[in-house]
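Notes follow the structure.
Number of protein chains: 2
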Amino acid sequence: MNAEAGKDNADVGFGGLDALLGYQLRRTQGVVHRDYLEAVDGLSLTQKQTGVLWLVDCNPGVAQGAIGAALDMDRATTMAVVDRLEERGLVVRKKSAVDARRRELHVTPAGEKLLARAKSRIATHETRLKDSLTSRELTTLLALLQKLQQAADR
Amino acid sequence: MNAEAGKDNADVGFGGLDALLGYQLRRTQGVVHRDYLEAVDGLSLTQKQTGVLWLVDCNPGVAQGAIGAALDMDRATTMAVVDRLEERGLVVRKKSAVDARRRELHVTPAGEKLLARAKSRIATHETRLKDSLTSRELTTLLALLQKLQQAADR
DNA sequence: TATTGTTATACTCTATAACTATA
DNA sequence: TATAGTTATAGAGTATAACAATA
Numbered sequence: 003m004n005a006e007a008g009k010d011n012a013d014v015g016f017g018g019l020d021a022l023l024g025y026q027l028r029r030t031q032g033v034v035h036r037d038y039l040e041a042v043d044g045l046s047l048t049q050k051q052t053g054v055l056w057l058v059d060c061n062p063g064v065a066q067g068a069i070g071a072a073l074d075m076d077r078a079t080t081m082a083v084v085d086r087l088e089e090r091g092l093v094v095r096k097k098s099a100v101d102a103r104r105r106e107l108h109v110t111p112a113g114e115k116l117l118a119r120a121k122s123r124i125a126t127h128e129t130r131l132k133d134s135l136t137s138r139e140l141t142t143l144l145a146l147l148q149k150l151q152q153a154a155d156r
Numbered sequence: 003m004n005a006e007a008g009k010d011n012a013d014v015g016f017g018g019l020d021a022l023l024g025y026q027l028r029r030t031q032g033v034v035h036r037d038y039l040e041a042v043d044g045l046s047l048t049q050k051q052t053g054v055l056w057l058v059d060c061n062p063g064v065a066q067g068a069i070g071a072a073l074d075m076d077r078a079t080t081m082a083v084v085d086r087l088e089e090r091g092l093v094v095r096k097k098s099a100v101d102a103r104r105r106e107l108h109v110t111p112a113g114e115k116l117l118a119r120a121k122s123r124i125a126t127h128e129t130r131l132k133d134s135l136t137s138r139e140l141t142t143l144l145a146l147l148q149k150l151q152q153a154a155d156r
């Protein structure tokens, strides 16, 4: 494994790419999500799916659109995610008695069980991440991410 | 638009979800990528595609695998991304004269032109993001993201 | 008219597994 | 045996557009 020609893995120049906030953000998200998937290995839950399950669980009867708005998803995207959860019997859609356009979402017993297991695994994953930072750094990081969200969301 | 039943967009409780680093990271990445796509509107370049184009440009003849390693991508994922760029005539694959297994990547003139335009738009996008932070906050944020990457990458 | 959900469709990223050809 | 790239295949997130039902 010599660096005889072309470029070896070790000597790839970034030419300023790594100075981009967007790049570092995406890269960090990628690594963290992979660690997340390992943490919940076997549960078959992505970050997004867990997010929906989590919110539906603590907001029983919440409308699909509200979930999408809360998690910053398009209506069609929300449909796709909820569809998958419903197919797996983790959530159910019920017609709203108050507004027939709405579908109230509820977590099923199976969903509750899975969510509980996921939360436990996620706690471990989160601890691993947070342990790499001081308490002050964590607070700072969350605040800065918040600022970025506001700057980018227009 | 009343909050008559179920849950209205405004009163969705997060039940601790928003305290998760992984959640805030994913959310921030989503908002920032959307802003990115708006910034490069019409160029049809995602963050990932731009990243590959960028690295190939400043590392002419780089091997595909090296690009994947640098950008933290699976071999198959790298294939898919490079395939799209090649189909669009933005990069070319050439057999390495030194190691016949390798494919050296090069940016085409069309790719150079597109990358230049993208870089200009990205500068604006990055400025918008960075302007929301002080210079010290930016340094801190980049350092903390770095720390997280190391903590999650195992 | 506006809103909520739906369907159809499409693109991108991601990954696993099996395969070829080279080393 | 190990590495670089390839192909086939699949799942997941994302989004646009057109549509139905309801408000």
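Sequences listed follow chains A and B, in order. Residues in the first sequence are numbered from 3 upward in steps of one, following the numbering used here. Residues in the second sequence are numbered from 3 upward in steps of one, following the numbering used here. We treat Cβ as the ideally placed atom computed from N, Cα and C, and that holds for glycine.
Query raised in the report: Since A:T142 meets chain B, which of its residues come closer than 9 Å, beta carbon to beta carbon?
Result: E139, T142, L143, L146
Query raised in the report: Counting Cβ pairs closer than 8 Å, one from the segment 125-137 of chain A and one from the segment 82-96 of chain A, do we hit at least three?
Result: no
**Report entry** The beta strand (DSSP E) enclosing B:L19, as first and last residue numbers
**Finding:** Note, B:L19: premise wrong, no beta strand (DSSP E); not H, not E.
Query raised in the report: Which of the three DSSP states, helix, strand or coil, is assigned to B:R1?
Result: Any question about residue 1 of chain B goes unanswered here, given that chain B covers just 3 to 156.
Query - Distance between A:K97 and B:A51 (C-alpha atoms, nearest Å) - result: According to the sequence as given, residue 51 of chain B is Gln; it is not Ala. Rounded to whole angstroms, B:Q51 to A:K97 spans 42 Å at the Cα level.
Query raised in the report: Which term fits B:D59, buried or exposed, when burial requires 16 or more other beta carbons within 10 angstroms of its beta carbon?
Result: buried
Query raised in the report: Where does B:V14 fall in DSSP's three states?
Result: coil
Query raised in the report: Cα separation between B:D37 and B:T129?
Result: 12 Å
Requested in this report: Measure the C-alpha to C-alpha separation of A:G8 and A:R119 and round it to an integer number of angstroms.
Outcome: With a pLDDT of 37 at A:G8, under the threshold of 50, the modelled position of this residue cannot be trusted; read the value that follows with caution. So the two alpha carbons sit approximately 47 Å from each other.
Query raised in the report: Can you tell me the Cα-Cα spacing of A:A154 and B:A99, whole angstroms?
Result: 45 Å
Query raised in the report: Which ranges does the beta strand (DSSP E) cover as unbroken runs of at least 3 residues, wholly within the segment 21-92 of chain A, from first to last along the chain?
Result: none
Query raised in the report: Any Cβ of chain A within less than 7 Å of the Cβ of B:L150?
Result: yes
Requested in this report: Return yes when the Cβ of B:Q31 is within less than 7 Å of the Cβ of A:R28, no when it is not.
Outcome: yes
Requested in this report: Identify, in the order they occur along the chain, each residue of the same chain with its Cβ nearer than 6 Å to the Cβ of B:R104, setting aside the five sequence neighbours on each side.
Outcome: A65, S98
**Report entry** For A:A125 and A:L45, the rounded distance between their alpha carbons
**Finding:** 15 Å
Query raised in the report: Leaving out the 5 sequence neighbours to the left and right, which residues in its chain are closer than 8 Å to B:L116 when beta-carbon positions are compared?
Result: L45, L47, L55, L92
**Report entry** Three-way DSSP call (helix, strand, coil) for B:A5 in this model
**Finding:** Note on B:A5: pLDDT 31, under 50, position unreliable in the model; the coordinate value appears next. Here B:A5 sits in coil by DSSP.
Query raised in the report: Pick from A:L57, A:H127, A:V83, A:L150: whose alpha carbon is nearest that of A:H108?
Result: A:L57
Report task. Starting from A:R90, find everything on chain B with Cβ-Cβ shorter than 7 Å and list it in chain order. Result -> Correct list: empty, because the minimum Cβ distance to chain B is about 20 Å.
**Report entry** Contacts that A:A112 makes with chain B (C-beta to C-beta distance below 9 Å)
**Finding:** Result: empty, since nearest Cβ-Cβ is about 19 Å, beyond 9 Å.
Requested in this report: May I ask you to list the residues that DSSP assigns as paired with A:H127?
Outcome: None; A:H127 has no bridge partner.
Requested in this report: Report buried or exposed for B:A68, applying the criterion of at least 16 other Cβ atoms within 10 angstroms of its Cβ.
Outcome: buried
**Report entry** Simplified DSSP state of A:L107, which is helix, strand or coil
**Finding:** strand
Query raised in the report: What's the call for A:A145, buried or exposed, on a 16-neighbour Cβ count within 10 Å?
Result: exposed
**Report entry** Reference B:G17; option with closest CA among A:E139, A:L147, A:K121, A:K149
**Finding:** A:K121
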